[in-house]
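J.: Below you will find the structure I want to go over with you.
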Amino acid sequence: MPRPRADHWEAVLIIVPTVCTGLATACFLLRLYSRCLATHKLRIEDALMGAGLLCTWGAAISIVYSAVHGVGTGGSIWALPREQRLRITLANWILQKFWPIAQVFVKISILIFLRRVVGVVDWVRRCATALIIFVVAWGITALIANTFQCWPVQYFWIKSIEGSCMSGQTTFYTIIGVFSVIEDVLILCLPLPVVWRLQMRLREKIELTVLFLIGCLVCIFSILRLLQLKNYLTDNLTYSSSMSLIWAILELDMAIICGSLLLVKPLFRCCMGRVRRGLNRLNSCSHSFDSDRVAKSSHRGSGGTNGFEGWNAEMLTIPTAAR
């Protein structure tokens, strides 16, 4: 296989996880800042999202480590030195632990947030609770099965010892992926009927709907990862795993970004409000400058009013609907 192709995939598998997970981290930090401005305290969904972000970084590091040691070269893994093969397969095994754990933390964080915001509707609250239970059960099943798919466990990355792996590993990964896609779709659809029944302006309903529909990207990446599994060869990761790794990390990163944007939106709205108020004051001061100067010249010593009086007394507030 030509070396430029190997260099290309190595760069992609290093840059995409690093940049996208960094962007997800930035959105999460903005979420925390927005939350602190609104309530001066963090909630359990913030902690869960943070735990999901840490696991996502674990997955990203595993992918980068795999790329550095040969994943994406397009050649056979058996052409690599034994130590290099061991590192690649061990990194893949570790990735398979971080991925479901990150999924569980992020999805439960979003579900708890939705339950808090739109849980006043009885069926939404019940559905959110049922989804939380389902996601936890899915995560435990995926983690246990991923861990013990080979016995002894270390046979997954050390093929020189005596052991075996379950038959149909790719089929197992596909089943886990199908349930993950179902969860994504259900979480995406859960709040939409409620949003359009809220007593708010049409523009606000559309804004909320667009925010929730950004989550479609999570479903798209999840489906793309699922489709890519048909080309996945468990015994030749350097040849077959590049695209599935990309979709896996993008799915996690986009879920964190979407879950954080729901709380970052009030921060941007608040900042824009401050900008508009500042521009209005500046415009008001420029219009009244001449009249103030005339008043000062005719009434010296009477003292004038400061066009920016009360600026320091303004409070930075965020709409309570997002709390």
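In the UniProt record's numbering, the protein residues as written are 1 to 323.
Every residue gets a Cβ at the ideal spot worked out from N, C-alpha and C, and that includes glycine.
1) What are the start and end residues of the alpha helix (DSSP H) that includes A145?
2) Please return the same chain residues whose Cβ sits closer than 6 Å to the Cβ of L48, not counting the five positions on each side in sequence.
3) In the structure shown, what three-state DSSP assignment does W151 receive?
4) Would DSSP call S242 helix, strand or coil?
5) Can you tell me whether N231 is buried or exposed? The criterion is at least 16 other CB atoms within 10 Å of its CB, across all chains shown.
6) When burial is assigned at 16 or more other CB atoms within 10 Å of the CB, is F148 buried or exposed?
7) Just to confirm before moving on: does the CB-CB distance between P100 and G139 stay below 8 Å?
8) The alpha helix (DSSP H) with R197 in it runs from where to where?
9) Could you check how far apart the C-beta atoms of E45 and I112 are, in whole angstroms? I think they sit under 8 Å.
10) Exposed or buried, E251, counting other C-beta atoms within 10 Å across all chains shown (16 or more means buried)?
11) Count the other CB atoms, across all protein chains shown, that sit within 10 Å of the CB of T89; report buried if there are 16 or more and exposed otherwise.
12) Just to confirm the assignment, what range does the alpha helix (DSSP H) spanning K230 have?
13) Are there 16 or more other CB atoms within 10 angstroms of the CB of M243, so buried, or fewer, so exposed?
14) Pull up the distance between the alpha-carbon of R274 and that of G119, whole angstroms please.
T.: Checking against the coordinates, here is how it stands:
1) D122 to T147
2) F105, I108 and S109
3) strand
4) helix
5) exposed
6) exposed
7) yes
8) No alpha helix (DSSP H) contains R197, which DSSP labels as neither H nor E.
9) 4 Å
10) buried
11) buried
12) From DSSP, K230 is part of no alpha helix (DSSP H); its letter is neither H nor E.
13) buried
14) Here the model assigns R274 a pLDDT of 47, short of 50, so the residue's position is not dependable, and the following value carries that caveat. When rounded, the distance between both Cα atoms is 31 Å.
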